[in-house]
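Asker:
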Amino acid sequence: MKTNILNKIILGFLAIITMTACDDREIVQVENSTDPIVVDLSAQNLFLDQNFPNNPALTISWSAASYSVPVSISYSVEVSADEAFTAPYEVSKVTESNRTVTYTASQVNSAAQAIGLKEDIAAKMYVRVTSYLGSGDLATKSNVTSLMVTPYKLVYPDFYLVGEAGYMGWTATSAQVFHKKDNLSYIYTYLENGKDFRFLGQMDWNPINYSLDVAGIKDAYKYFKQTSTNITKSGNDENMTFTGETGIYKVIIDADKAAQSLNATVSKIQTFDVPQLYVYGNIAGNGGNAQNAIAMTKVSAGIFEYTATLAADTDFKFLGQQAEGDLEWGNISGEGNTGFIGPIGDEGSVKFTGDGSSYKITVNIKAGTYKIVKQ
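Here this note's numbering is used: the first residue of the sequence shown is 716, the next is one more, and so on.
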């Protein structure tokens, strides 16, 4: 009996020693030995040429960061408009095996405008490299160097909506292009609850696709850094899901490099399937009289047509009743002839220069578009 008790005491003591030894082995102190140092910029003055956006423009090289034990290191190349890096912009991440990176004129131009440099004006761009472990542990900064950059006017991409959340479904050749003004692309269009979508860079599946910039999305598709709360990651690695109530939304994309955001807000007119649509203005003798607005022909839900002779100074709007009221649409965000409609409060007259010929006007409220075609 005494022997058994003694054996148990000895085993317990050995277990405590073993656990302590294991704990000691798990504690590894990792310290940074040297900072990464930017050792070379291939140019000190860059005049970026928009005619050759894919040409190599700038190469950055730096020495390796070192730590007290062997670890996996990643690098981030950052630029800023000031030496203090008050608002740094990450140009790219670089794996441990590479300590030299070359950027095209387009990439440098995008980075320059992301930090606020103005087109056609030479200004200083500051450069540094940050080394870190894992997702950002033990981050250390390099010294700061700089160069003069003259950017050109940035051309923002076109965005085409595709997916079962929209009216067009998954037909790439029918993808809905957005109205674009500088860095903003927007439209009033139909979105359906619980359905998936994404954006294309063309009316084809390739080469460009845009989705959320989050873990689990294909790297080549990552783009949107910020979204409204009614847009979430889909269950696959390609798409987004719309979680808002079904209806008409103003969908806005900000393609500025500092934003790359996507937001969907409810339109003032949430429905598209109105019983009747009317046109009024200096068209077909209407004389801008809402009470005598001219009925259009209903083709299908939300789609209406009307054919008339259009003069050089034609302007008109669309009504959902023969009176000025809540149901009113016009050219999106002011007067013009963009081909996109906006609801009351975000609309102007459609301004069209006709030649006295017959034209067919087609309005698609669900898609957020109109078109005027000579007959």
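We put the beta carbon where it would ideally sit given N, CA and C, even for glycine.
Treat the numbers as computed from the prediction; the structure is a model and nothing was measured.
I need the DSSP call for Ser982, collapsed to helix, strand or coil.
Answerer: coil
Asker: Is the distance from the Cβ of Gly1083 to the Cβ of Ile967 below 7 angstroms?
Answerer: no
Asker: Helix, strand or coil, according to DSSP, for Val859 in the structure here?
Answerer: Val859: coil per DSSP, three-state reduction.
Asker: For Ala1008, I'd like the list of residues in its chain whose CB is within less than 7 angstroms of its CB, leaving aside the five on either flank, ordered along the chain.
Answerer: Tyr993, Val994, Tyr995, Asn1001, Leu1034, Gln1037
Asker: Could you give the residue range of the alpha helix (DSSP H) that holds Ser821?
Answerer: 820-829
Asker: Identify the residues that DSSP records as bridge partners of Leu756: which are they?
Answerer: Ile775
Asker: Considering only C-alpha positions, which residue in the set Asp911, Met918, Glu953 is nearest to Gly959?
Answerer: The option with the nearest alpha carbon to Gly959 is Asp911.
Asker: Can you find a C-beta in chain C that's less than 7 angstroms from the C-beta of Asn978?
Answerer: Protein chains in the displayed structure number just one, and chain C is not present.
Asker: Please state if the CB of Tyr871 and the CB of Leu763 are separated by a distance shorter than 7 angstroms.
Answerer: no
Asker: Could you spell out the range, first to last residue, of the beta strand (DSSP E) harbouring Tyr1085?
Answerer: Element bounds for Tyr1085: 1084-1089.
Asker: How close, in whole Å, do the beta carbons of Leu927 and Thr904 come, if the pair is a contact with beta carbons under 8 angstroms?
Answerer: Not quite, the Cβ-Cβ distance comes to about 19 angstroms (not below 8 angstroms), so this is no contact.
Asker: Among the candidates Gly1003, Ile1087, Ala838, Lys1075, whose CA atom is the shortest distance from the CA of Gln759?
Answerer: Selection Gly1003, Ile1087, Ala838, Lys1075 evaluated against Gln759 yields Ala838 as nearest (Cα-Cα).
Asker: Distance, Cα to Cα, Leu862 vs Phe800?
Answerer: 15 angstroms
Asker: Hey, would you say Val806 sits closer than 7 angstroms to Ala827, going by beta carbons?
Answerer: no
Asker: Does the separation of the CB atoms of Tyr790 and Val844 fall below 7 angstroms?
Answerer: yes
Asker: Considering only C-alpha positions, which residue in the set Ala820, Tyr938, Pro1058, Leu756 is nearest to Asn769?
Answerer: Ala820
Asker: What distance in whole Å lies between the Cβ atoms of Ser795 and Thr774, which are believed to be in contact at a cut-off of 8 angstroms?
Answerer: Contact doesn't hold; Cβ gap of about 19 angstroms is too wide.
Asker: According to DSSP, simplified to helix, strand and coil, what is Asp969?
Answerer: The answer is strand: DSSP assigns Asp969 an E or B state.
Asker: Run through DSSP, which three-state label would Asn769 get?
Answerer: Looking at Asn769 - three-state DSSP - the assignment turns out to be coil, as it is neither helix nor strand.
Asker: By how many angstroms is the C-alpha of Val792 removed from the C-alpha of Glu752?
Answerer: The displayed chain sequence assigns Ile, not Glu, to residue 752. Roughly 12 angstroms between the two C-alpha positions.
Asker: Could you check which residue in Trp777, Ile836, Ala829 has the C-alpha nearest to that of Thr815?
Answerer: Checked all of Trp777, Ile836, Ala829; the closest Cα to Thr815 is Trp777.
Asker: Name the DSSP beta bridge partners of Phe957, please?
Answerer: Lys910, Ile946
Asker: Quick one: using the 10 Å Cβ neighbour count with 16 as the cut-off for buried, is Gly1071 buried or exposed?
Answerer: exposed
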